[in-house]
Amino acid sequence: MAKEVTLNVSEAQELLPFLLEQFPNKGRNKVKTMLTRGQVMVEGRIVTRHDHRLEPRQQVKVLGTASGMGEVLHGIRILFEDDHLIVIDKPPGLLSMATDQEHDRTAYRILMNHVRSGSKAARVFIVHRLDRETSGVMMFAKSEAVQQTLQNSWRDSVLSRAYIVVVEGKVAKPEGKIETWLKESSTKTMFVSRPGDGVKAVTNYRVQKSSGEFSLLEVHLETGRKNQIRVHMQSIGHPVVGDKRYGATKNPIGRLGLHAQVLSFRHPITEEVLTFETAIPPSFRKLFTASAMQ
Numbered sequence: 002m003a004k005e006v007t008l009n010v011s012e013a014q015e016l017l018p019f020l021l022e023q024f025p026n027k028g029r030n031k032v033k034t035m036l037t038r039g040q041v042m043v044e045g046r047i048v049t050r051h052d053h054r055l056e057p058r059q060q061v062k063v064l065g066t067a068s069g070m071g072e073v074l075h076g077i078r079i080l081f082e083d084d085h086l087i088v089i090d091k092p093p094g095l096l097s098m099a100t101d102q103e104h105d106r107t108a109y110r111i112l113m114n115h116v117r118s119g120s121k122a123a124r125v126f127i128v129h130r131l132d133r134e135t136s137g138v139m140m141f142a143k144s145e146a147v148q149q150t151l152q153n154s155w156r157d158s159v160l161s162r163a164y165i166v167v168v169e170g171k172v173a174k175p176e177g178k179i180e181t182w183l184k185e186s187s188t189k190t191m192f193v194s195r196p197g198d199g200v201k202a203v204t205n206y207r208v209q210k211s212s213g214e215f216s217l218l219e220v221h222l223e224t225g226r227k228n229q230i231r232v233h234m235q236s237i238g239h240p241v242v243g244d245k246r247y248g249a250t251k252n253p254i255g256r257l258g259l260h261a262q263v264l265s266f267r268h269p270i271t272e273e274v275l276t277f278e279t280a281i282p283p284s285f286r287k288l289f290t291a292s293a294m295q
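The working numbering numbers the first residue of the sequence shown as 2 and each following residue consecutively.
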C-alpha cells in the first residue's frame, strides 16, 4: 500500500464496511488489523473502532507502513530530527506516553521503534506532553542529558508556544490575559485556587473567529501547567469544545478542540533558534465557514 490513501465518504455508514468496500482484495482480517494498528484516520483523528459512524463529505485517510520500519507511524509526522532531538506533529487520539491501560500505541513507543531501527541502543526521552486528544507540535530528546537540559531551562529555552483552541460560546473580549493559581484535586483534576495556593498560571488569548456558538482562539502560554488552557477557558465561562472534564457541553468536532500550533525554542546544543508551525485542523476551520456561521 502507498504511504497514504485518501478516501471521501459519500454516504453515512460504519467504518469497517466502508473500508472493506474500498479494499476488496485485503480481506476482513487485514482491514481490522489496519484499524487496530492506528492506520486509519477520520477527519484527521485516529479511529480504531470498527463501528465508528461515518457521515457524508468526511475524509478518511489510510496510512501505510513507514519506509524502513516494521511499525506504522500512527499518523505521526516528523517535522525535525537530528542527533539530539525529534520534533513531531502528533495526531489527536494518540497518547504521549504509556498508561496502565495502554503501552504500545503511544508517541513514545512509536518513536522509540523509529530510532532503534537505526541503532538498537538508541532511545528517546519525553521533554513535555500533550493530552491524548490534543494534536500538534511535540518534542522528544534523544538522550537523557538533552532532556534534562531542556527541562531545567524550559522557561529560557522555549521562546513561544501557541495553541489554536475552539471554545464554546462567543468570547466578548477580542483579547485577554488570564492569570490565576492552579491546584490539583484528589481526582487529578486541576482547578482555580486562591492566590498563593498552588502554582501560578498565565494564559494570553486572542479571538481569531467567532460565531454565535463557538469561538476560535489563538492562545500563548507564559507558563506550562497541567491542563492550563482547559481550566483557564472553563474559568472564563468558555470551556474547550469536547472537554467534558472541564465543563464542555458540546462536541461538534468529535475531539478536544485543542491544537499545539507553534513551538519555537533555542536548540540545547547548537543554540540555533528553531520554529515549527502546523496547520489549523480542518475540523476546526469547518465550524467557522460562511455556511456554518449562518
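Glycine included, C-beta positions come from ideal geometry on N, C-alpha and C.
Of all the options Arg50, Tyr247, Glu44, which has the alpha carbon lying nearest to the alpha carbon of Glu56? As a working note, residue 56 is residue 55 in the sequence shown. Nearest of Arg50, Tyr247, Glu44 to Glu56, Cα basis: Glu44.
Would you list the residues sitting across from Asn205 in a DSSP beta bridge? Here residue 205 refers to the residue found at position 204 when the sequence shown is read from its first residue. According to DSSP, which records beta bridges pairwise, Asn205 is partnered with Lys178, His221.
Tell me, which residues are paired with Phe141 by DSSP? Taking the first residue of the sequence shown as position 1, residue 141 is located at position 140. Phe141 pairs with Ile87, Ile127.
Distance between Val125 and Glu5 (C-alpha atoms, nearest Å): Start at 1 with the first residue of the sequence shown, and residue 5 comes out as number 4. Start at 1 with the first residue of the sequence shown, and residue 125 comes out as number 124. Going by the C-alpha atoms only, they are around 26 Å apart.
Coarse secondary structure for Leu36, derived from DSSP in three states: Counting from one through the sequence shown, the residue named residue 36 turns up at place 35. Helix at Leu36.
Identified DSSP bridge partners for His260: The residue labelled residue 260 in the question sits at position 259 within the sequence shown. Answer by DSSP bridge pairing, in chain order: Ser136, Ile165.
Is it buried or exposed for Phe215, if we count other Cβ within 10 angstroms and need 16 for buried? Looking up residue 215 in the sequence shown gives position 214. Phe215 should be labelled buried.
Less than 9 Å between the beta carbons of Val63 and Leu8, yes or no? Sequence index remark: in the sequence shown, residue 63 carries index 62 (1-based). Sequence index remark: in the sequence shown, residue 8 carries index 7 (1-based). A contact, by the Cβ cut-off of 9 Å.
Quick check on Phe81: buried or exposed, where buried means 16 or more other Cβ atoms within 10 Å of its Cβ? Translated into positions along the sequence shown, residue 81 becomes position 80. Exposed, because fewer than 16 other Cβ atoms sit within 10 Å of the Cβ of Phe81.
In three-state DSSP terms, what is Val63? Counted from its first residue, the sequence shown places residue 63 at position 62. Note: Val63 maps to strand in three-state DSSP.
Same chain, Cβ closer than 6 Å to Ser97, five either side skipped, listed in chain order: Position 96 of the sequence shown, counted from the first residue, corresponds to residue 97. Ala108, Arg130, Leu131.
Ile165 beta carbon less than 9 Å from that of Glu219: What you label residue 219 is simply residue 218 of the sequence shown in a count that begins at 1. What you label residue 165 is simply residue 164 of the sequence shown in a count that begins at 1. Result yes, Cβ atoms of Glu219 and Ile165 sit closer than 9 Å.
How about the region 226-237 and the region 138-149: do they share at least three Cβ pairs that are nearer than 8 Å? no
With DSSP as the reference, label Asn252 as helix, strand or coil. Reading the sequence shown from its first residue, position 251 is the one you call residue 252. Coil.
Let's test the definition: count the other Cβ atoms within 10 Å of the Cβ of Gln23 and tell me whether it reaches 16, buried, or not, exposed. Your numbering for residue 23 matches position 22 in the sequence shown. So Gln23 ends up on the exposed side.
For Pro253 and Thr34, I'd like the C-alpha separation in whole angstroms. Here residue 253 is taken as the residue at index 252 of the sequence shown, counted from 1. Here residue 34 is taken as the residue at index 33 of the sequence shown, counted from 1. Taking the straight line joining both Cα atoms gives about 28 Å.
Please report the residue range of the alpha helix (DSSP H) in which Phe192 lies. Residue numbering aside, residue 192 sits at position 191 when the sequence shown is read from its first letter. Run containing Phe192: none in the alpha helix (DSSP H); it sits in the beta strand (DSSP E), 191-194.
Go to Val274, then tell me how far its alpha helix (DSSP H) extends in each direction, as first and last residue. Residue numbering aside, residue 274 sits at position 273 when the sequence shown is read from its first letter. Unbroken run through Val274 is the beta strand (DSSP E), 274-278; no alpha helix (DSSP H).
Work out the CA separation of Ala163 and Asn153 for me, nearest whole Å. Residue 153 sits at position 152 when you count from the first residue of the sequence shown. Residue 163 sits at position 162 when you count from the first residue of the sequence shown. Those two C-alpha atoms are separated by around 21 Å.
Assess contact between the region 238-249 and the region 258-265, defined as three or more Cβ pairs (one per stretch) separated by less than 8 Å. Is contact present? yes
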